[in-house]
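Visitor: When you number the sequence shown by numbering that gives the first Met the number 0, it's gap-free, plus one each residue, and the end is 926.
Please see the structure below; I have some questions.
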Amino acid sequence: MRHILLLASFLVMSLPAAAKPLKVFILAGQSNMEGHAKIETFDYIGDDPATAPLLKQMRGADGTPTVCDHTWISYYTGKYDGSANGEGTGKLTAGFGARDDATKPNGKIGPEFTFGLTMDAALKEPVLIIKTAWGGRSLNTEFRPPSAGPYELNDYQKKLYYGPPGHGVPKDMTQWLAEKKQETGRFYRYMVEHVKRVLADPKRVCPAYDATQGYEIAGFVWLQGFNDMVDSHTYPERGKPGRFSVYSDLLAKFIRDVRKDLNAPQMPFVIGVMGIGGAKASPDILSFREAMTAPSLLPEFKGNVVAVQTAPFWSEELGVIDDKRAQVRQMGFHLNSKHKDHANANGHMTEEQKREYLKQLEAKLISPAEVALWQRGASNAGYHYLGCAKTFALMGRAFAEAIVHPTQQSPAAKPQEGEMAGYLFGPAEKVPEEFNGGFSFYAAAWPLVATYPGHKFQTGLCGTWMHPQYEEGKKPEGKCYTDIEGGLGWWRDTHFPTTTPKFIMGGVGPNFSFIANGPGYGAGTWEKPRGQYGVAQLSPWLLFPLDGLNLKQGTSGELFGYGYLPLPLTNPKTTTAGRNTPTGNQCWTLFLNTANFKGPAAFFTPFFWTQATVDHPEWADMLLDSRPAGPNKAIQMETQHVPAVLTKDASGKEYARVAPTAFPIGPDGTSTVLHRLTAYKKAALWDDVQKWFNGGPPADGAIKADASVVHTFRTGGGSNWSIYPPGTKREEKVPLAWRDFATSFTPDPITFGYQWSKQLTRSSGSLVTLPEYYALGTNGKKPQWNVLPPQAVPAELGLTQHCFEPPAEKSQEPRTTPDDAASCWKKPGPAAGPFKARLGDGSVVTYYWYRFADQPAMLNADLTDEEREQVQARVEKLHRAWTKDRDYLVPPDVGTLAHIDPALILTPPKGLEVGYVPIATRQELEK
C-alpha cells in the first residue's frame, strides 16, 4: 500500500524471542474510533471479491467472529470516573466497538478488530491494544494537547458571542466560556491516564505478559476530526485555503505531547485521515483532509508519522442511498419544525400524517433493492462510517499495515515547477480561395486562470494567423514568414496585466524582423525601433494604450468581434525608403465590433511590411502591402505557459497539478469560444472606398454580404495541451486527456465551443474550471496524463496543498515614448493635451491629440509631406461619415458583446472632431 512507510525498527527486535518486549498499540479518537459497525453487516464484505478474503479472516469456520490468539485489548469509553470502571478487556474479537458502557459488549466493531487481526497474524507474539475513544470530542477543546495552552476564544468568536464593543458579555456566555475552559484537555488527560494505568500492570489485561520482558509502545493510531471539521466558530472562513491550519498545528502538538507523556519519543504515529464523503467530498472536507495530512509532511516527523487516507474505504454505493435517506430526514426535520397547525404544501398535518408522508417519500426515493442493500451493508451515516463493517475492516487493516510493513521505497518527491502548454484546434471548413480580402470573427474573452501567474504566463485565446496568399509556384525564395497573428490574450512583455485579457494587433514582418502590436507598441527600442511605428491610429473615438487594448475588467465569456480588411488609404509607391523596390497600398485595418465601440480603429502602414525589402529586395511584392490574404487560416488557441507542478509518489508514479484553468460557460452548460468566422473578397469594402476617395459618392462602410462567406465548423477539433517540466524536448512532451472531459460542440454551423464532463469539471457563475489533477498513464498506446479526481490524489504528495500564487516580481516600469524636442513626437507635435485615462488594470495613460498626418507612425511611414496630406484628406472623410455606434461587421447571432475599457472610449475635444486622433505617450501604474 502507498501509505505503508513506518520504520521496521519499532517492530523487529534483535533479542531472543522469549525476551521480546510486549508490543503495545494505542488507538484513540472519537466516534469513528469507537466504531458503530454491527456484526450483522459482515456479509457485505464478502460481496466484493477484493474484500472477501478479509471476511474469512474476520470469521471462523462456524461463522462466528474470530478470536485473536495473541492479541488482547483494553477499551475505555463512556463516562470517565478516573478508575477502571467502564473498561472492557479480553482477547480481541468483535464487540469492542462503540459502547455506552465498555463493560457491556453490544456487537459492534471499530478499526481495532482488523487492526488486531493483522497484528496477530504478522507478529505471532503477544500484543496489547489500548483503545480510548469518546464520541463528539474536539481536538481544539476536549482533546486539546497541553502544549497548546488554555482554550481561548478567537477574534471571530469574540465578535460572534460578545457583540459590538459596549454590549458587555452575556451572563450565560461567561458561564459557557468557564465550562469550556474547564473542559479543555480533559479527554487528553483521561486518555493518557488510562494508558498509564494499564501499563502499570499489563498482566491484568494481557495474561501472556511476563514482567521480565517489559513492554514497548510500538504505535499510536489517531482517528478523529468530525467535530473540528464542522466547527464553524473555531474555523469560520469556509472555502479559504488554510482554513484548518489551526487543526494541523494542534495535531502536531498532540503528537509531540503524547510521545512526551508516554515516554516514547520516537513512537510511530498513524493519522487516520477522515474519508467522509469519499470521492464526492466537498471542498471543505478536502481542505480538512489536507490539514490532517499536513503534520506527516513535517521534516521532524519524517519516517515515524504517516497519514493513511481513508476516503477509498467509503462505500460509494451506500453513499448514494445515504443521500436519499438524508433528503427524507431533512424533510422530516422541516415538517417537525413547523407548528402542528402550520399549513405547508401538504396541508394541515397531524403527527401521524407526517409520518405517513415521510414513509411514502422514502418509498418513492429508495427502491426495495436499495433498502435491502442498505440493511445488508448498513449506512455510511453521513458524518461517520457508522454501520459499515466493510469500511471499518479496511481502515483497521490499513492502519496496522502502515506500522507492520515498512516500505523499501523512497518518499514522495517534492513537487517541481512545470507548465501546461500546447494548442486547441478549431475544425473550420475551407472556403474558396477567392475570398482573400481579409477576415473577421467573434472570439470569447474570459479569465483563463484564476490568479495571474506572473510574466512567464503567455497565452492567446481563440485566434488565427493571416498569411499572404501566393500563386502556385510563386512563393518567396527561402524563408519568409510573415503574418498578422495578434488577438486576445496575455504576453510576457505586458507591463500591466490582470486576469482579464487584452488585445494586440500582432503584425509580424518577415521572419520576425519587425513586430507591431499597436500604435507605439512593438519590438525593438526607440533608438532602434522594429515595429513601434508600424501601426497608425485611425479612430478619433478610441484610445489604444501602449500596453495593448484593454477590455473591461470582469469580462467573462462575452464576444469580442474583430477582423482585418484592407483600405486604400495610401497610394502605391514605386520606391521604398529610397530603394528601387515597390510598396503597395493595402492598409490592413483593424475593424472592431464591441458593445461600446464599432468600426475601424487602426491600421498597419504598408511600409511596416516593405521596410524589410530594403535588405531583402527578393521579398518585393511578396508581403501583405500588396499580396491578398489566404482565406483558410488555422483557428487555434495557443497556450505557451500555464503553471503546473509535478511530483512522484514513493513507488515512482508521476502526478501533476495544473493551476486552475477555466472556460466560459452558458446557462446550458456549454462554452462558446468562436462565432461567425468570415472571409471576404477584396471587393467587400475596397472598391466602394476607392471610388469615394477618387471623387465618387461616400461609402457607407457596410461590408457587402455577397462578397463574404462564413466558414462552417465540423465536428472534431482536439488538443495537444501537454504537461511537462522546463526544458523538455518537444517530442518528449506528454499530452493530457483532453477528450476525457471536453467534447467539441457546434450548436449551429457557424459557432464552435465545448461541452464538459460534469463529473470531472466544476462550474461556478460564468466559468467552468477544468480538471487540475493528473496521473501519468497511457491512452492505450502512448503516454498520457489522465485526469485524477482531487479525492484520489495521495495527500502525502503535497499537490492538494500547493497554492499557485503570483511570484514576487518587481513593479513594471512605465511605458514611455521619446521626449526629445527634436523627435517625431514633438515636431510638429500634438495639437492638444496632455490628457489622462485611468484604466481598469490599475494603469494611467497619458495621451495627446495629434493631427492624423502628424502622428509619429505617419511620420515614419515612408511618405512625403504631400502623400501624408493626401491620406489626411481621406481620413477626414472617414471621420465625418463612419461613426463608432453603427455596425460594420455583421453582428453575432449568439451571446453578448464584450466592452472595451470605458476609459478608452473618448470624445474628441471641441474643434478636433475630424482629422485628429488620440495618441498614448506614456503608461504607468497609478501612484
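Heads up, the beta-carbon is just placed ideally off N, CA and C, and yes, glycines get one too.
1) Per the contact definition of three or more C-beta pairs closer than 8 Å, is the stretch 392-401 in contact with the stretch 604-620?
2) Do the stretch 422-435 and the stretch 678-689 touch if we need at least three Cβ pairs shorter than 8 Å?
3) Could you check what DSSP says for T777 in three-state terms: helix, strand or coil?
4) Hey, quick one: how far does the alpha helix (DSSP H) through F602 stretch, first residue to last?
5) Taking 7 Å as the limit between beta carbons, can you name the residues of its chain near A706, skipping five residues before and five after?
6) Just to confirm my understanding: we take G910, look at its own chain, exclude 5 residues before and 5 after, and list those with CB closer than 8 Å. What are they?
7) Rounded to the nearest angstrom, how far is the Cβ of R656 from that of H878, given a contact under 8 Å?
8) With DSSP as the reference, label E637 as helix, strand or coil.
9) Judging by CA-CA distance, which residue of M57, I483, P282, A736 is the nearest neighbour of T777?
10) So, R713 versus P426, is the Cβ gap smaller than 8 Å?
11) Following the continuous alpha helix (DSSP H) through V191, name the residue where it begins and the one where it ends.
12) For D551 versus D900, is the C-beta spacing smaller than 8 Å?
13) Give the secondary structure of G274 by DSSP, where H, G and I count as helix, E and B as strand, and everything else as coil.
14) Based on the DSSP secondary-structure assignment, which residues constitute the bridge partners of F559?
15) Using 8 Å for Cβ pairs, my map puts A897 next to T554. What's the rounded Cβ distance?
16) In the DSSP output, which residue or residues are listed as bridge partners for L222?
17) Between the C-alpha atoms of G96 and C67, what's the straight-line distance to the nearest angstrom?
18) Mind checking who M266 pairs with in its DSSP beta bridge?
19) Are there 16 or more other CB atoms within 10 angstroms of the CB of H383, so buried, or fewer, so exposed?
20) Let me know the alpha helix (DSSP H) ranges lying completely inside the stretch 722-758, each 4 residues or longer, listed in chain order.
21) Taking all protein chains shown into account, do 16 or more other C-beta atoms lie within 10 angstroms of the C-beta of L297, making it buried, or fewer, making it exposed?
22) Could you compute how far the alpha carbon of K652 sits from the alpha carbon of W221?
23) With a cut-off of 8 Å on the beta carbons, I'd call P311 and L798 a contact; round off their distance for me.
24) Output the distance between the C-alpha atoms of A643 and L372, rounded to the nearest integer angstrom.
25) Which residue's Cα is closest to the Cα of L423: Y451, L537, C461?
26) Just tell me which of T573, K301, E369, W313 has its CA closest to the CA of I320.
27) Take A794 and list the residues in its own chain whose beta-carbon comes closer than 7 Å to its own, dropping the five residues that flank it on each side.
28) Going by C-alpha to C-alpha distance, which of M190, M57, T140, Q212 sits closest to V257?
29) Who are the near neighbours of T92 in its chain, counting only those whose CB is closer than 8 Å to its CB and skipping five residues on each side?
30) Quick test of the definition: if touching needs 3 or more C-beta pairs under 8 Å, does the stretch 601-608 touch the stretch 522-540?
31) Select from P52, Y561, Y75 the residue whose C-alpha is nearest the C-alpha of A442.
32) What does the alpha-carbon distance come out to for the pair F751 and K647?
33) If you draw a straight line from the C-alpha of Q790 to the C-alpha of W313, how long is it?
34) Going by other Cβ atoms of all chains shown within 10 Å of its Cβ, with 16 needed for buried, is S439 buried or exposed?
35) Could you please give the first and the last residue of the uninterrupted alpha helix (DSSP H) stretch that includes M394?
36) CB-CB under 7 Å to E236, same chain, minus the five flanking residues each way: which ones, in chain order?
Guide: Taking the structure as given:
1) Verdict: no, contact absent.
2) Segment contact: the stretch 422-435 against the stretch 678-689, three or more CB-CB distances shorter than 8 Å; contact assigned.
3) Reading the sequence shown from its first residue, position 778 is the one you call residue 777. Shown here, T777 sits in a strand according to DSSP, grouped into three states.
4) Here residue 602 refers to the residue found at position 603 when the sequence shown is read from its first residue. No alpha helix (DSSP H) contains F602, which is instead part of the beta strand (DSSP E) from 597-603.
5) As a first step, residue 706 is located in the sequence shown; it is residue number 707 there, counting from the start. The beta carbon of A706 lies closer than 7 Å to those of Y679, K680, A682, A683 in the same chain, with the five residues before and after it left out.
6) Sequence index remark: in the sequence shown, residue 910 carries index 911 (1-based). Excluding its 5 nearest sequence neighbours in each direction, G910 has no C-beta neighbour in its own chain below 8 Å.
7) For the purposes of this step, residue 656 is taken as residue 657 along the sequence shown, with counting starting at 1. For the purposes of this step, residue 878 is taken as residue 879 along the sequence shown, with counting starting at 1. In fact, because the Cβ distance is near 52 Å, the residues do not count as touching under 8 Å.
8) Counting from 1 along the sequence shown, the entry for residue 637 is found at position 638. For E637, the secondary structure class from DSSP, reduced to helix, strand or coil, is strand.
9) Here residue 777 refers to the residue found at position 778 of the sequence shown. Here the closest residue by C-alpha is A736.
10) Translated into the one-based positions of the sequence shown, residue 713 becomes position 714. Translated into the one-based positions of the sequence shown, residue 426 becomes position 427. Note that the C-beta distance between R713 and P426 is below 8 Å.
11) Translated into the one-based positions of the sequence shown, residue 191 becomes position 192. Start and end: 185-199.
12) Locating residue 551 in the sequence shown gives position 552, where the first residue counts as 1. Locating residue 900 in the sequence shown gives position 901, where the first residue counts as 1. According to the sequence displayed, residue 551 carries Lys and not Asp. Contact check for K551 against D900 passes: the beta carbons are separated by less than 8 Å.
13) The count along the sequence shown starts at 1 and reaches residue 274 at position 275. G274 falls in the coil class under three-state DSSP.
14) Translated into the one-based positions of the sequence shown, residue 559 becomes position 560. Note: F559 sits in a beta bridge opposite A442.
15) Here residue 897 corresponds to residue number 898 of the sequence shown, with the count starting at 1. Here residue 554 corresponds to residue number 555 of the sequence shown, with the count starting at 1. A Cβ-Cβ distance of about 5 Å is found for the pair A897 and T554, placing them in contact under the 8 Å criterion.
16) Residue 222 sits at position 223 when you count from the first residue of the sequence shown. Bridge partners of L222: G28.
17) Looking up residue 96 in the sequence shown gives position 97. Looking up residue 67 in the sequence shown gives position 68. So the two alpha carbons sit approximately 16 Å from each other.
18) To locate residue 266, count along the sequence shown from 1; it is residue 267. DSSP lists no partner for M266.
19) Counting from 1 along the sequence shown, the entry for residue 383 is found at position 384. Only weak support exists for where H383 lies, its pLDDT of 47 falling under 50; the value from the coordinates is given anyway. Counting the other CB atoms within 10 Å of its CB gives H383 a total of 16 or more, which places it among the buried residues.
20) If only complete runs of 4 or more residues are kept, the stretch 722-758 shows no alpha helix (DSSP H) anywhere.
21) For the purposes of this step, residue 297 is identified with residue 298 of the sequence shown, where counting begins at 1. Exposed.
22) Here residue 652 refers to the residue found at position 653 of the sequence shown. Here residue 221 refers to the residue found at position 222 of the sequence shown. Their Cα atoms are separated by approximately 28 Å.
23) Residue 311 sits at position 312 when you count from the first residue of the sequence shown. Residue 798 sits at position 799 when you count from the first residue of the sequence shown. Between L798 and P311 the Cβ distance is about 17 Å, and since that is not below 8 Å, they are no contact.
24) The residue labelled residue 643 in the question sits at position 644 within the sequence shown. The residue labelled residue 372 in the question sits at position 373 within the sequence shown. For A643 and L372, the gap between their C-alpha atoms comes out near 43 Å.
25) The residue labelled residue 423 in the question sits at position 424 within the sequence shown. When C-alpha distances from L423 are compared across Y451, L537, C461, the shortest belongs to C461.
26) Residue 320 sits at position 321 when you count from the first residue of the sequence shown. Ranking T573, K301, E369, W313 by Cα distance to I320 puts E369 first.
27) Within the sequence shown, residue 794 is the residue found at index 795, counting from 1. For A794, where only same-chain residues beyond five positions count, the Cβ hits under 7 Å are V272, R288, E289, T292, A306, Q308.
28) Looking up residue 257 in the sequence shown gives position 258. Of M190, M57, T140, Q212, the residue nearest in Cα terms is M190.
29) Taking the first residue of the sequence shown as 1, we reach residue 92 at position 93. P64, T65, V66, C67, F112.
30) With contact defined as three or more Cβ pairs closer than 8 Å, the stretch 601-608 and the stretch 522-540 are in contact.
31) For the purposes of this step, residue 442 is taken as residue 443 along the sequence shown, with counting starting at 1. It is Y561 whose Cα lies nearest to the Cα of A442.
32) Taking the first residue of the sequence shown as position 1, residue 751 is located at position 752. Taking the first residue of the sequence shown as position 1, residue 647 is located at position 648. One C-alpha to the other measures close to 37 Å.
33) In the sequence shown, the residue the question calls residue 790 occupies position 791. In the sequence shown, the residue the question calls residue 313 occupies position 314. Straight-line Cα distance between these residues: approximately 11 Å.
34) Locating residue 439 in the sequence shown gives position 440, where the first residue counts as 1. With 16 or more Cβ atoms within 10 Å of its Cβ, S439 is classed as buried.
35) Translated into positions along the sequence shown, residue 394 becomes position 395. Membership of M394 in the alpha helix (DSSP H) is indicated by the continuous run 388-403.
36) As a position in the sequence shown, residue 236 is number 237, starting the count at 1. Here E236 has R242 as same chain residues with Cβ atoms under 7 Å from its own Cβ, once five neighbours each way along the sequence are excluded.
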